[in-house]
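Asker: First residue of the first sequence: 24, per my numbering; consecutive thereafter.
Glycine included, C-beta positions come from ideal geometry on N, C-alpha and C.
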Amino acid sequence: MRVRFAPSPTGQLHVGNARTALFNWLLARGHDGTFILRIEDTDAERSTRESEDGILEDLRWLGLEWDEGPDVGGGCGPYRQSERLHLYTSYANELLAGGHAYYCFCAPQKLEDDRRKDLAAGRPPKYHGTCRSVGPDDARRRLEAGERAVVRFRVPDRTEVSFQDLVRGDVTFSTDVIGDFILVRSEGRPAYNFAVVVDDALMDVTHVIRGEDHISNTPRQVLLYRALGFAPPRFAHLSLVLGPDHTPLSKRHGATSVSEFRERGYLPEALTNYLALIGWSPRAGGGETADDAELMPIDELARRFALEDVGHSAGVFDPEKLAWMNRHYMKVAAPARIAAESARYFQSRGFVKRKTDAALAYVESLLPMAVASVDRLEEIPDRVAFLFEYDAAAAIERPGVAEVLHETGAPEVIAALPEAIDGPLLDRDSFRAMAARVKEKTGRKGKALFHPIRVALTGERGGPELDLAVPAIDRGALLSADAGVARILSARDRARAFAAAVR
RNA sequence: GUCCCCAUCGUCCAGAGGCCCAGGACGUGGCCCUUUCAAGGCCAAAACGCGGGUUCGAAUCCCGCUGGGGACGCCA
Numbered sequence: 024m025r026v027r028f029a030p031s032p033t034g035q036l037h038v039g040n041a042r043t044a045l046f047n048w049l050l051a052r053g054h055d056g057t058f059i060l061r062i063e064d065t066d067a068e069r070s071t072r073e074s075e076d077g078i079l080e081d082l083r084w085l086g087l088e089w090d091e092g093p094d095v096g097g098g099c100g101p102y103r104q105s106e107r108l109h110l111y112t113s114y115a116n117e118l119l120a121g122g123h124a125y126y127c128f129c130a131p132q133k134l135e136d137d138r139r140k141d142l143a144a145g146r147p148p149k150y151h152g153t154c155r156s157v158g159p160d161d162a163r164r165r166l167e168a169g170e171r172a173v174v175r176f177r178v179p180d181r182t183e184v185s186f187q188d189l190v191r192g193d194v195t196f197s198t199d200v201i202g203d204f205i206l207v208r209s210e211g212r213p214a215y216n217f218a219v220v221v222d223d224a225l226m227d228v229t230h231v232i233r234g235e236d237h238i239s240n241t242p243r244q245v246l247l248y249r250a251l252g253f254a255p256p257r258f259a260h261l262s263l264v265l266g267p268d269h270t271p272l273s274k275r276h277g278a279t280s281v282s283e284f285r286e287r288g289y290l291p292e293a294l295t296n297y298l299a300l301i302g303w304s305p306r307a308g309g310g311e312t313a314d315d316a317e318l319m320p321i322d323e324l325a326r327r328f329a330l331e332d333v334g335h336s337a338g339v340f341d342p343e344k345l346a347w348m349n350r351h352y353m354k355v356a357a358p359a360r361i362a363a364e365s366a367r368y369f370q371s372r373g374f375v376k377r378k379t380d381a382a383l384a385y386v387e388s389l390l391p392m393a394v395a396s397v398d399r400l401e402e403i404p405d406r407v408a409f410l411f412e413y414d415a416a417a418a419i420e421r422p423g424v425a426e427v428l429h430e431t432g433a434p435e436v437i438a439a440l441p442e443a444i445d446g447p448l449l450d451r452d453s454f455r456a457m458a459a460r461v462k463e464k465t466g467r468k469g470k471a472l473f474h475p476i477r478v479a480l481t482g483e484r485g486g487p488e489l490d491l492a493v494p495a496i497d498r499g500a501l502l503s504a505d506a507g508v509a510r511i512l513s514a515r516d517r518a519r520a521f522a523a524a525v526r
């Protein structure tokens with residue numbers, strides 16, 4: 024089995040395309056097949072090397088490694104269409120010689136007018152066949168005279184073209200709605216339908232798995248396979264991924280490109296697991312995970328993936344469910360990895376200056392406080408921001424705090440606070456110890472006073488719970504010149520600032 | 001407009017004629033846990049688009065309608 028993913032490098036890798044790539048990859052990996060990456064860059068204007076690099080990077084990040092491709096080579100290269108131009112030319116000549124194709128000299132303006140007329144008359148807009156009757160000799164003369172021409176495929180009249188779609192079953196089109204489409208553009212580059220067929224045939228692709236938007240191209244391609252004398256591959260058309268409003272997923276719906284998800288702190292395994300479940304569900308009894316479980320490692324997805332189990336209807340992309348999966352994978356991932364991945368967000372908040380081992384270890388030690396209550400890596404620094412910055416004035420203003428400050432004995436308690444606190448964090452135990460010491464000193468105690476103050480000291484209401492396992496921190500070492508950590512506030516630091524601000 | 005594809009809770013899926021007064025997951029609501037927010041646990045509400053057939057029996061098969069999507073480029 025040989026499958027391929029064939030993006031055109033005209034922008035970022037979209038989650039919809041990523042899902043197509045994933046399904047191809049899953050099928051190949053589950054069947055000991057070959058996954059080919061081919062770059063469809065015949066549109067010289069819109070294709071860029073940056074896009075290509077970006078797409079490759081995104082696929083790698085997702086873990087969808089390819090066996091053959093532009094960077095790794097393979098037995099059927101080159102894997103960039105712009106480097107295969109000679110092949111298309113030679114097959115175009117073959118088609119021309121066999122009468123399956125002909126030169127068309129129609130001006131773009133005429134074509135446009137024809138299309139408009141068809142539309143207005145309620146006919147399927149298709150090429151009128153004006154140049155079908157231009158003979159080869161005539162064509163050669165006009166070409167030599169400098170006329171511009173495209174090569175068109177001669178679509179047989181009134182013919183039914185059908186193919187077995189692996190997800191949809193029998194699909195039939197009549198050639199009545201298919202005009203003579205362009206094989207080679209006037210500047211000599213192949214058009215999509217032609218290039219894919221030549222490449223898929225030459226690369227021995229056995230299964231073409233792609234988006235449903237290509238289903239109406241399939242009859243044209245089937246016709247081409249026949250004319251070229253190639254055996255067509257098996258086709259499978261995947262339903263599309265839509266936004267919440269049932270329109271094709273686009274920027275309007277928020278993040279849609281793989282790189283955006285990476286930027287915002289999603290884990291690749293969350294994205295692939297989620298994407299796999301749009302339009303597919305594992306058959307019961309097929310795997311080691313419980314039948315109704317949805318969280319599955321990618322290798323199990325590959326083992327259980329089957330085209331027969333792919334659904335027929337379009338799916339809506341649900342960011343909430345993705346977030347849930349991401350939370351799950353953040354919790355089960357190795358802490359050191361999460362620390363390494365989230366360090367950049369600490370850097371952009373200014374909490375960490377450099378990703379030193381010490382800084383990474385410190386970030387890792389903070390993870391238990393944050394990781395369970397956050398959707399994305401990007402949100403982690405926020406949850407522990409109280410360790411790095413403290414706004415005493417704002418703390419005093421906080422609801423519940425201001426009132427309590429006027430209670431009798433409050434000033435004494437607050438003044439006693441800095442001395443009563445020890446340890447770097449105001450966790451549950453140190454809070455209790457603090458309360459006990461304050462009581463000793465001032466004779467004051469009680470939830471009513473302490474709790475709001477504790478909240479004011481630890482951060483905002485709704486801040487992270489601190490009584491989790493937080494490893495002891497060697498502040499001295501961390502704050503030394505080359506540790507990379509910008510600063511660390513201890514509970515005592517905050518209590519001092521708070522007391523000072525109250526005064 | 002023409003052609004093609006599709007149609008189960010708000011969303012993603014299960015359901016391949018009786019197992020279904022429809023099952024799971026996300027989300028939502030409630031309760032529990034918790035001196036805060038989350039997380040976690042438990043419970044609940046929530047769907048077979050409509051109309052005709054076929055059949056003893058239809059979410060499941062057939063037809064029509066409606067609705068949604070896609071395609072009709074010298075884009076891919």
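Using CA atoms only, rank isn't needed, just tell me which of L400, E412, N296 and E135 is closest to L45.
Answerer: Working through the first sequence from its first residue, we reach residue 45 at position 22. Minimum Cα distance to L45 is reached at N296.
Asker: Using only CA atoms, which one of E75, D94 and D161 lies nearest to T65?
Answerer: Sequence index remark: in the first sequence, residue 65 carries index 42 (1-based). Per the Cα distances, E75.
Asker: Might you give, ordered along the chain, the residues of its own chain that have their beta carbon closer than 6 Å to the beta carbon of P147, omitting 5 neighbours on each side?
Answerer: As a working mapping, residue 147 is identified with position 124 in the first sequence. These residues qualify, in order along the chain: V200.
Asker: Between F258 and the rest of its own chain, which residues show a CB-CB distance below 7 Å, the 5 nearest in sequence each way excluded?
Answerer: Numbered from its first residue, the first sequence carries residue 258 at position 235. Contacts found: F186, D188, L189, V231 and T241.
Asker: What ranges does the alpha helix (DSSP H) occupy inside the stretch 189 to 267, keeping only unbroken runs of at least 4 residues that lie completely in it?
Answerer: DSSP runs (the alpha helix (DSSP H)) wholly in the stretch 189 to 267: 215 to 225 and 241 to 251.
Asker: Could you tell me whether the stretch 379 to 388 touches the stretch 423 to 434, where touching means 3 or more Cβ pairs closer than 8 Å?
Answerer: Flag = no, the stretch 379 to 388 and the stretch 423 to 434 do not touch.
Asker: What's the call for D315, buried or exposed, on a 16-neighbour Cβ count within 10 Å?
Answerer: One-based indexing of the first sequence puts residue 315 at position 292. Exposed, because fewer than 16 other Cβ atoms sit within 10 Å of the Cβ of D315.
Asker: With a cut-off of 8 Å, do at least 3 Cβ pairs link the stretch 205 to 222 to the stretch 109 to 129?
Answerer: Flag = yes, the stretch 205 to 222 and the stretch 109 to 129 touch.
Asker: On a Cα-Cα basis, can you pick out the residue from A520, T43, S371 and L49 that is closest to M319?
Answerer: The count along the first sequence starts at 1 and reaches residue 319 at position 296. For M319, the nearest C-alpha among the options comes from L49.
Asker: Whole angstroms are fine: how far does the CA of D341 sit from the CA of L300?
Answerer: As a position in the first sequence, residue 300 is number 277, starting the count at 1. As a position in the first sequence, residue 341 is number 318, starting the count at 1. Straight-line Cα distance between these residues: approximately 11 Å.
Asker: How about L36 and L60: are their beta carbons less than 9 Å apart?
Answerer: Translated into the one-based positions of the first sequence, residue 36 becomes position 13. Translated into the one-based positions of the first sequence, residue 60 becomes position 37. Contact: no.
Asker: By alpha-carbon positions, which one of F409, V508 and V38 ends up nearest to A520?
Answerer: As a working mapping, residue 520 is identified with position 497 in the first sequence. For A520, the nearest C-alpha among the options comes from F409.
Asker: Along the chain, which unbroken stretches of the beta strand (DSSP E) at least 3 residues long are found entirely within the stretch 39 to 71?
Answerer: Correct list: 57 to 60.
Asker: Starting from Y385, trace the alpha helix (DSSP H) both ways and give me its first and last residue.
Answerer: Here residue 385 refers to the residue found at position 362 when the first sequence is read from its first residue. Counting along the chain, the alpha helix (DSSP H) containing Y385 begins and ends at D380 to A393.
Asker: With G338 and G302 assumed to form a contact (beta carbons below 8 Å), what rounded beta-carbon distance in angstroms separates them?
Answerer: Along the first sequence, read from residue 1 onward, the residue named residue 338 stands at position 315. Along the first sequence, read from residue 1 onward, the residue named residue 302 stands at position 279. About 5 Å separates the two Cβ atoms, so the contact holds.
Asker: Using CA atoms only, rank isn't needed, just tell me which of M457, A366, P30 and A522 is closest to G507.
Answerer: Position 484 of the first sequence, counted from the first residue, corresponds to residue 507. For the residues M457, A366, P30 and A522, the minimum Cα distance to G507 belongs to A366.
Asker: What does the Cβ neighbour count give for Q132, buried or exposed, with the cut at 16 atoms within 10 Å?
Answerer: Counting from 1 along the first sequence, the entry for residue 132 is found at position 109. Under this definition Q132 is an exposed residue.
Asker: In whole angstroms, what separates the C-alpha of R517 from that of V355?
Answerer: By one-based count along the first sequence, residue 517 stands at place 494. By one-based count along the first sequence, residue 355 stands at place 332. Spanning the two alpha carbons is a distance of roughly 33 Å.
Asker: When the Cα of G53 is compared with those of R326, E88 and G308, which residue comes out closest?
Answerer: If you number the first sequence from 1, residue 53 lands on position 30. Answer by Cα proximity: R326.
Asker: I'd like the span of the alpha helix (DSSP H) that includes R515, first residue to last.
Answerer: As a position in the first sequence, residue 515 is number 492, starting the count at 1. Residues A514 to V525.
Asker: Taking the Cβ atom as the reference point for each residue, do A418 and V424 lie within a distance shorter than 9 Å?
Answerer: Translated into positions along the first sequence, residue 418 becomes position 395. Translated into positions along the first sequence, residue 424 becomes position 401. Cβ atoms of A418 and V424: closer than 9 Å.
Asker: In angstroms, rounded to a whole number, what distance separates the CA positions of V461 and A443?
Answerer: To locate residue 461, count along the first sequence from 1; it is residue 438. To locate residue 443, count along the first sequence from 1; it is residue 420. Roughly 6 Å between the two C-alpha positions.
Asker: Grouping DSSP H, G and I as helix and E and B as strand, with all else coil, what is H37?
Answerer: Working through the first sequence from its first residue, we reach residue 37 at position 14. Strand at H37.
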